[in-house]
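First the structure, in the form of C-alpha cells, and then the observations on it.
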Amino acid sequence: MTQSRESDHPLTTRPFPTARPSGCPFDPPAPFAEARQECPVSPLRYPDGHIGHLITGLRSARAVLGDTRFSSLPPGKRSPVKVPGSELSTDVLPPGMFVNMDPPEHTRYRRLLSKHFTIRRVRELRPRIQEMTDRLLDEMEGKGGPVDLVEAFAKPLPTLVTSELLGLPEENRAQFGHHVDVLFSLSSSGEEMQESMTLLGGMLHALIAAARKDQGPDILGRLTVETDLTDEELLGITFVLLIAGLETTTNMLGLGTYALLRHPEQLAALRADWSLMDGAVEELLRYLSVVQIGPIRVAAEDFEFEGRPIRKGEVVTVSLPAANRDPLGFDDPDAFDIRRGATRHLAFGSGPHQCMGHHLARLELSIGYESLLRRFPGLELAVPAEEIGLREMMVTYGVLGLPVRW
Amino acid sequence: MQIEIDKDLCCGAGTCTLVAPDVFDQDDEDGTVILLDAAPGDEHRSAVEEAALRCPMAVITVG
Numbered sequence: 001m002t003q004s005r006e007s008d009h010p011l012t013t014r015p016f017p018t019a020r021p022s023g024c025p026f027d028p029p030a031p032f033a034e035a036r037q038e039c040p041v042s043p044l045r046y047p048d049g050h051i052g053h054l055i056t057g058l059r060s061a062r063a064v065l066g067d068t069r070f071s072s073l074p075p076g077k078r079s080p081v082k083v084p085g086s087e088l089s090t091d092v093l094p095p096g097m098f099v100n101m102d103p104p105e106h107t108r109y110r111r112l113l114s115k116h117f118t119i120r121r122v123r124e125l126r127p128r129i130q131e132m133t134d135r136l137l138d139e140m141e142g143k144g145g146p147v148d149l150v151e152a153f154a155k156p157l158p159t160l161v162t163s164e165l166l167g168l169p170e171e172n173r174a175q176f177g178h179h180v181d182v183l184f185s186l187s188s189s190g191e192e193m194q195e196s197m198t199l200l201g202g203m204l205h206a207l208i209a210a211a212r213k214d215q216g217p218d219i220l221g222r223l224t225v226e227t228d229l230t231d232e233e234l235l236g237i238t239f240v241l242l243i244a245g246l247e248t249t250t251n252m253l254g255l256g257t258y259a260l261l262r263h264p265e266q267l268a269a270l271r272a273d274w275s276l277m278d279g280a281v282e283e284l285l286r287y288l289s290v291v292q293i294g295p296i297r298v299a300a301e302d303f304e305f306e307g308r309p310i311r312k313g314e315v316v317t318v319s320l321p322a323a324n325r326d327p328l329g330f331d332d333p334d335a336f337d338i339r340r341g342a343t344r345h346l347a348f349g350s351g352p353h354q355c356m357g358h359h360l361a362r363l364e365l366s367i368g369y370e371s372l373l374r375r376f377p378g379l380e381l382a383v384p385a386e387e388i389g390l391r392e393m394m395v396t397y398g399v400l401g402l403p404v405r406w
Numbered sequence: 001m002q003i004e005i006d007k008d009l010c011c012g013a014g015t016c017t018l019v020a021p022d023v024f025d026q027d028d029e030d031g032t033v034i035l036l037d038a039a040p041g042d043e044h045r046s047a048v049e050e051a052a053l054r055c056p057m058a059v060i061t062v063g
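If you want it as C-alpha cells, here you go:
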C-alpha cells in the first residue's frame, strides 16, 4: 500500500525538515513555505517509510486539531521524528498521560486539572511570579554581565513557577530539568531516553507519596485530596505538567529576548510604550512558535480531509511555525510586528488539547520580558549574532544560550 | 446579538473569558464556560466574535 501511495506523490522524498534557513534563525524551515504554497495538506515521508501528511496552513491546522477523527494516541514508531515515547513501548499508554488520550478519557483529566489554570487562578499568581522574577534579576545584576540569559533567567523562572505550583522540592529541580532536556533532544539515544524516563519516574513517585502525606496547597497536594486519581495517574499528570511548564516557556523567554534584540526598532517601540507588551507577547508567540514538531495526530478511520484521502493509521503532523506564517492568516506573515494584533495564532494549538497553561504562559512571558527590559535599559548581545547556537534538533526550538550584557 | 454555547464540548481553555470578560466567565471548579449575558449589546459584538473565532472547540455560536 505504501508503495502505491508513494508513486502518487512525488513530493514525498523529503523527511521532516528541521534546519532553519541560514541567517534567518526565526523563520521556519524553508520547505514548509514551499509545501504550503503547493497545498496546506501535503504528503510527507515518515522515518518508518509510510507516507503520511504534513499540515502547513493555518485554517487546515485548526481543522485537524479540532477534529477527533485525528486521534491523539501516540504514533509510536510512525512518529515523524524521535520524540519522548516514540522510542519507548507504546503498547500500554501510561495512565494520566492525557496529552496522548482522546475524549472522553482525555476530558475527564482535563476537567479535573483545568481549575488550577483558570484566568482567575493564574491572575492570583501575578505578585508571586513578579517576586521570583525580581529575585532572579537581582542575582543577575549582582553578578554583572556578560551572563548567559538562558541559564540565569529563561530556565530558572519557569522552573521556579512550575515547581512551586506542583510542589516540587528545591533539591530535585536541576535533575528534573536535566531529564526533560534528554527526553526532548532529538539527538538522545533510545537508552538515554529510557534511563531518564526511569529516573524521572522514580523521583515523581517519591514526590507523589510526599504530596499524599503533606496535603499541601500546591496542585499535587490538592489533587490527592480533591480527586480519586491513583498514584499512577498522578505520575502521568505530573510528567505532562512538568514538561509543558518548563520547555516551552523557557524557550519563549530565551528566543523571544533574542528576537527583540535583533529587531531594535520594535524593541524601542516597546520600551517607549509598555502598553504594547500584551500584543508583543502574542506576536512573539506567533512569530517564534517554539513547538516546532507537532502536534502529531493519527487517523482513527478512513476519510477525506480537504480533498485528500486519509487512511486509518496514517500520521498527520501539524507544523505550528508554518501555520503561524500562513499569508492567508496574517498579512506580511514573515514580518515581526508587535502592533499587528496577532491574536488568532495557533502557538498554543487548538481543539481539545489546546495548551491548558496558556494563561500562565502569557503571564510568565509578559512579566519576564518587561521586568528584564526595564531592569536593563542597555541590554544587548555579548557576542556576535552569528555565534548564537539554535535548538534545531530539539522538539522545542530556542537558543542554546544567550550571552548578554547591559 | 444572541449567543449560544455548548458547555458539554467546552475544554475549559478560558479564551472567551480572556477576550470578552463582560460576556463570558470560567467555572472555578472545571474551567468550563459560564455565559454571563446571552444577549449582550452591540458594543460587545467584536469581542464576542473574536472569542467565538478563537474558541479551541468552537462551542460559541453568535446569532
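Protein sequences, first through last, are from chains R and F.
Following full-length UniProt numbering, the numbering of the first sequence begins with 1 at its first residue and continues without gaps.
Following full-length UniProt numbering, the numbering of the second sequence begins with 1 at its first residue and continues without gaps.
For each residue, glycine too, the CB sits at the ideal point set by N, CA and C.
Simplified DSSP state of residue i, which is helix, strand or coil
| i | result |
| --- | --- |
| R/Ala61 | helix |
| R/Ser196 | helix |
| R/Gly52 | strand |
| R/Ser319 | strand |
| R/Ser89 | Residue confidence for R/Ser89 is low, a pLDDT of 48 falling below 50, so the modelled location carries little weight and cannot support an answer. |
| R/Ser163 | helix |
| R/Ser371 | helix |
| F/Val59 | coil |
| R/Gly177 | helix |
| R/Glu380 | strand |
| R/Ile119 | helix |
| R/Ile129 | helix |
| R/Arg362 | helix |
| R/Ser7 | Because the pLDDT at R/Ser7 is just 42, under 50, the model does not fix this residue reliably, and the point stays unresolved. |
| R/Pro156 | helix |
| R/Arg340 | coil |
Pair within 8 Å by beta-carbon distance, residue i and residue j
| i | j | result |
| --- | --- | --- |
| R/Gly66 | F/Ala58 | yes |
| R/Glu164 | R/Asp102 | no |
| R/Leu168 | R/Leu402 | no |
| R/Pro75 | R/Val298 | yes |
| R/Leu160 | R/Met132 | yes |
| R/Leu136 | R/Pro156 | yes |
| R/Ile388 | R/Tyr287 | no |
| R/Ser71 | R/Leu54 | no |
| R/Val404 | R/Pro146 | yes |
| R/Arg78 | R/Phe303 | no |
| R/Gln324 | R/Val290 | Checking the sequence, you will find Asn at residue 324 of chain R rather than Gln. No, the Cβ-Cβ distance between R/Asn324 and R/Val290 is not below 8 Å. |
| R/Ala61 | R/Val316 | no |
| R/Pro28 | R/Ala322 | yes |
| F/Cys11 | R/Gln354 | yes |
| R/Val122 | R/His359 | yes |
| R/Ala244 | R/Gly357 | yes |
| R/Glu196 | R/Met393 | Looking at the sequence provided, one finds Ser at residue 196 of chain R rather than Glu. Against a cut-off of 8 Å, the Cβ pair of R/Met393 and R/Ser196 comes out as no contact. |
| R/Pro17 | R/Tyr46 | no |
| F/Asp37 | R/Lys115 | no |
| R/Ser371 | R/Asp134 | yes |
| R/Gly349 | R/Pro264 | no |
Own chain, CB closer than 6 Å to residue i, minus 5 neighbours either side, in chain order
| i | result |
| --- | --- |
| R/Phe98 | His106 and Tyr109 |
| R/Gly216 | Gly167 |
| F/Ala13 | Pro56 |
| R/Ser89 | With a pLDDT of 48 at R/Ser89, under the threshold of 50, the predicted position of this residue should be treated as unreliable, though the coordinate-derived value follows. Excluding residues within five positions, none has a Cβ falling inside 6 Å. |
| R/Trp406 | Gly145, Phe376, Gly378 and Leu379 |
| R/Ser366 | Met277 and Val281 |
| R/Phe32 | Thr56, Ser319 and Ala322 |
| R/Ala300 | Arg69 and Ser71 |
Own chain, CB closer than 7 Å to residue i, minus 5 neighbours either side, in chain order
| i | result |
| --- | --- |
| F/Cys16 | Phe24, Val33, Ala51, Cys55 and Ile60 |
| R/Arg339 | Leu276 and Gly279 |
| R/Asp214 | Gly221 |
| R/Arg20 | Asp27, Pro29, Leu390 and Glu392 |
heavy atom of the ligand MG below 7 Å from residue i C-beta
| i | result |
| --- | --- |
| R/Thr227 | Within the structure as shown, the ligand MG is missing, as the structure has no ligands at all. |
Residues of its chain near residue i, where Cβ-Cβ distance is below 8 Å and the 5 sequence neighbours each way are ignored
| i | result |
| --- | --- |
| R/Asp337 | Gln266 and Glu283 |
| R/Asp91 | Interpretation of R/Asp91 is limited by its pLDDT of 49, a score under 50 that renders its predicted location unreliable; the figure taken from the coordinates is listed afterwards. Contacts found: none. |
| R/Leu229 | Gly96, Leu112, Leu223 and Ile237 |
| F/Ala39 | Met1, Gln2 and Ile3 |
| R/Arg59 | Pro40, Asp326, Leu328 and Gly329 |
| R/Gly177 | Lys155, Thr159 and Leu246 |
| R/Asn172 | Met203 and Leu207 |
| F/Asp30 | Gly12 |
DSSP beta-bridge partners of residue i
| i | result |
| --- | --- |
| R/Arg45 | R/Ile51 |
| R/Pro146 | DSSP lists no partner for R/Pro146. |
| F/Gln26 | F/Val33 |
| R/Ser185 | R/Met394 |
| R/Arg297 | R/Val316 |
| R/Phe303 | R/Ile310 |
| R/Ser71 | R/Val298 |
- Query: If you scan the region 194-243 of chain R from start to end, which runs of the alpha helix (DSSP H) of 4 or more residues do you find wholly inside it?
  - Reply: 219-226
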